Amino acid sequence: MKTIVYKISETDETVWLKAAGGVLAAGGLVGIPTETVYGLAANALDAEAAAKIYAAKGRPSDNPLIVHISDISMLDGLVTEIPGTAQKLAETFWPGPLTMIFPKKDVVPYGTTGGLDTVAVRMPSHPVARKLIGTTGIVLAAPSANTSGRPSPTRAEHVYEDLNGKIDMILDDGPVGIGIESTVVDMTGSVPMILRPGYITREMMEAVVGEVRVDPAILGENRDKNFQPKAPGMKYKHYAPKGDLTLVSGPDEKVVKKIRELASEKLAAGFRVGIIATEETKALYETVVQGNSKPVVMSIGTRKDEDTIIHNLFDVLRRMDGEEVSYIYSESFEEGSRGKAIMNRMLKAAGHQQIYV
Ligand code: AMP
Ligand code: MG
102 MKTIVYKISE TDETVWLKAA GGVLAAGGLV GIPTETVYGL AANALDAEAA AKIYAAKGRP
162 SDNPLIVHIS DISMLDGLVT EIPGTAQKLA ETFWPGPLTM IFPKKDVVPY GTTGGLDTVA
222 VRMPSHPVAR KLIGTTGIVL AAPSANTSGR PSPTRAEHVY EDLNGKIDMI LDDGPVGIGI
282 ESTVVDMTGS VPMILRPGYI TREMMEAVVG EVRVDPAILG ENRDKNFQPK APGMKYKHYA
342 PKGDLTLVSG PDEKVVKKIR ELASEKLAAG FRVGIIATEE TKALYETVVQ GNSKPVVMSI
402 GTRKDEDTII HNLFDVLRRM DGEEVSYIYS ESFEEGSRGK AIMNRMLKAA GHQQIYV
C-alpha cells in the first residue's frame, strides 16, 4: 500500500478533507494529528475498518479503541447512559485531553471496544481532527498511531516511521501540542475512576465533580500476575525504546552521581549509553568520559515547566533509538501535578526498572 502524506500547512483544506474523508468513508486508515499524540483513525462504527487498525499497529485485539467525536450531540448515539458527573466533566474539559468510559450502544461494534460492553469516548480539540469528524460525520476510532509497544507518535514523521506502507494516508500538521495521551476515566461506577493518568489531573476533575478515584494498577502498584487492570491497555509493555532504560529516583545530587556512575560502568564495558537529563542537569553529564567514549546526553525539558517534559517525552525515547544506545539512564519526574502521568509512561518504557538512591 502506498501511504499518501498531506502537509496541512501546504494543502488546501478542501483537498485534504475530501481525500481523508474519502479514505475513511471507504473503511481505510488515516494518521491524524490530535492535541495529545497522533492518532490512527478509522470509522469506529465499522468493525472491518477497526480491525485494520489492530492489524496495522500489531495491537492485541482485546485492547479497546477510543472513539473520537466533534460535538457533544454525537455522544448520545454511542452510549446508553450519560451520568450527571460525565455531563459536568464534558462541559469543563471537552474539547480536550479527557476520555470517558460509558456503557455502549449496539451500534458500537465489539471490534472497536475489544469485546467490552463499554466504550471510551473523547472530543479532541485539535482543529484538523475536529474538522474531519465534523465534516464527514464519521466518529473515529483512533488509538495512538504507532506500532504497538513503541513510543507514541508526537510528530507525523513518527507515524511514517512506524506505519508507512501499512495505512492509506497521513495528515501532517507538525508536532502535537501536549505530547502524552488523554486521561482515561471510567464513568460507569458510582465514583469516577481514573484508569490512565494524563494531562487532565485528578485534582482538576475533583474541583468539578468531587471525589475521583485512581485505579491502583496505575504506576505499577499491585504488580502481581493475578491483578487485572481495568483498562486492558495497562497490562502491555508500552512505549519501550530499543535500549534498556532504567529510571533513577531520589534527591537531585544523588541521582546525578548515580547516573554518572552507571553510565561510566557501561561505557567502560564498551556499550553505547544514553542519558535523559533536564536543562538544569545536562551539563553535569557531559563531562562523563571513558577512554574515547562519551554518553549521548539529551535534555527532556526543564523542571521549571513540567509541560516541556510532557511535550518531549516520546520524542526523546524515539531519538534514543536513533542513537542506537544499549543502555539508557533517566532522571525521574514524580514531583509536579502531572508527575503521575509522566512517570506512568516512563515506568512502562523502563519495564518498571527503577533505582532509588
Ligand atoms: P490508546 O488509544 O492507544 O491511547 O489506548 C486507549 C486506552 O484506553 C487503552 O489503555 C485502553 O485500555 C483504554 N480504554 C479504551 N476503551 C476502554 C474501555 N471501554 N474500558 C477500559 N479502558 C478502555
Ligand atoms: Mg497507544
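Residues in the sequence shown are numbered consecutively from 102, following our numbering. Every residue, glycine too, gets a C-beta built ideally from N, C-alpha and C. All values reported here derive from a predicted model rather than from experimental measurement.
For the region 341 to 392, list the alpha helix (DSSP H) runs that are entirely contained and at least 4 residues long, ordered along the chain.
353 to 369, 383 to 386
Taking contact to mean at least 3 C-beta pairs separated by less than 8 Å, is the region 267 to 282 in contact with the region 349 to 358?
no
Give the C-beta separation of residue 284 and residue 298 to the nearest angstrom, bearing in mind that I take them to be a contact with Cβ-Cβ under 8 Å.
6 Å
Please classify residue 316 as buried or exposed, where buried requires at least 16 other C-beta atoms within 10 Å of its C-beta.
buried
Is residue 221 near the ligand AMP - that is, is its Cβ less than 7 Å away from at least one heavy atom of it?
Here the distance from the Cβ of residue 221 to the nearest heavy atom of the ligand AMP is below 7 Å.
Could you work out which residue in 155, 130, 340 is closest to residue 449 when comparing CA atoms only?
340
Going by Cα to Cα distance, which pick from 133, 413, 455 is closest to residue 232?
Answer by Cα proximity: 133.
Beta-carbon separation of residue 390 and residue 456 under 8 Å?
no
When you measure from the CB of residue 446 to every non-hydrogen atom of the ligand AMP, does any distance come out below 7 Å?
Outside the cutoff, so no.
Going by Cα to Cα distance, which pick from 131, 247, 451 is closest to residue 431?
451
Helix, strand or coil: how does DSSP classify residue 455 here?
strand
If we count the other Cβ atoms within 10 Å of its Cβ and call it buried at 16 or more, is residue 208 buried or exposed?
exposed
Within 10 angstroms of its Cβ, does residue 413 collect 16 or more other Cβ (buried), or is it exposed?
buried
Could you tell me the boundaries of the beta strand (DSSP E) in which residue 214 lies?
No beta strand (DSSP E) holds residue 214; the alpha helix (DSSP H) holding it covers 211 to 214.
Measure the alpha-carbon distance for residue 146 versus residue 215 and round it to whole angstroms.
Each residue's alpha carbon lies about 13 Å from the other.
Just the Cα atoms here: how many angstroms apart are residue 180 and residue 204?
6 Å
Compute the Euclidean distance between the alpha carbons of residue 440 and residue 361, then round it to the nearest angstrom.
24 Å
Under 8 Å between the Cβ atoms of residue 141 and residue 244?
yes
Find the nearest neighbour of residue 374 within the set 388, 395, 454, 303, judged by alpha-carbon distance.
395
Give the straight-line distance between the Cα atoms of residue 345 and residue 426, rounded to the nearest whole angstrom.
8 Å
If you reduce the DSSP assignment to three classes, tell me which class residue 130 lands in.
coil
Quick one: does the C-beta of residue 171 sit closer than 7 Å to a heavy atom of the ligand MG?
no
Under the criterion of a Cβ to heavy atom distance below 7 Å, does residue 262 qualify as lining the ligand MG?
no
At what residues does the alpha helix (DSSP H) containing residue 419 begin and finish?
407 to 423
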